[in-house]
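Heads up, the thing below is written out as structure tokens.
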Amino acid sequence: MPRLLVYSGVFLVSLALLPLAWLYRAQASSSARPRIHVVPDMDNQAYYRAQTASGFFADGRAMRAPVEGTVSRDGLDEDDAYYRGKDGDRWVEGLPGGLDEQQMLRGRERYQIYCAPCHGGTGAGDGPVARRAAKLAEGTWTPPADLTAAAAVGRPDGELFDIVTHGVRNMPAYAAQIPVADRWAIVAYLRALQRSAHGRLEDVPESQRGELK
């Protein structure tokens, strides 16, 4: 093979490798100069700085007023009684915002979905999951609480809300699955279950006592 042809091939290969070497150097090394941005992707744009003027808007301000109803990042969930079930350092007694029939029906529906599998339809802690675990005699199983027992009846509404939110013992937190309003609805329905479990004939209006079986 002619020597000139060999030299020419080596030269052309070396020349072809130069762009790759330059790209590697640009990628791996540091520099005080900005890198070459082949695809801008809107990474570098012209913009107004905070609190500067603008001739584009009629009011002359570059910063625009927040959209109506905007909630500040630090202003979320400020109502501790509603969002955390606490008034200062004490648990809330009663349901924030009151109670109506629609909320009670919603609470029953949510309770049947999220709570009844372990706590049972009446809240006695005898749901299908609990019965199955008891049958298997799993040593690590912690039986669900009887929600109609005195310990649960004596808990403030805010504490029950907090338990649904963050969980307790082996019970997981349900904050991600159950919205705040539904958690309060569950607490309301649980109170109805507790009252039903400990109800007396005197609690039923005389006009409705004949309907009891």
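Under this note's numbering, the first residue of the sequence shown is numbered 1, with each subsequent residue one higher. Every residue gets a Cβ at the ideal spot worked out from N, C-alpha and C, and that includes glycine.
- For the set GLY210, TYR83, ARG61 and ASP203, the Cα lying nearest the Cα of GLU159 is the one of TYR83.
- In its chain, beyond the 5 residues on either side, GLY125, GLY127, PRO144 and LEU147 have a beta carbon closer than 6 Å to the beta carbon of HIS119.
- Here ALA81 is near PRO96, since their CB atoms are less than 8 Å apart.
- Rounded to whole angstroms, the Cβ separation of ARG183 and PHE161 is 6 Å, and the two are in contact under 8 Å.
- Of the residues ARG61, VAL153 and VAL168, the one whose Cα lies closest to the Cα of ARG191 is VAL153.
- Annotation: the continuous alpha helix (DSSP H) that includes PHE161 extends over 157–166.
- In this structure GLU93 does not touch ASP41 by the C-beta definition: roughly 56 Å separates them, more than the 8 Å allowed.
- Contact between TYR111 and TYR174 does not hold, since their C-beta atoms are separated by about 11 Å, which reaches or exceeds 8 Å.
- ARG61 sits in a strand when the DSSP states are folded into three classes.
- In the DSSP assignment, PHE11 falls within the alpha helix (DSSP H) that extends over 3–28.
- With respect to ALA188, GLN51 sits apart: the two C-beta atoms are not nearer than 8 Å.
- Burial state of GLY123 is buried, judged by a 10 Å Cβ sphere holding 16 or more other Cβ atoms.
- Rounded to the nearest angstrom, the gap between the Cα atoms of ARG90 and THR142 is 28 Å.
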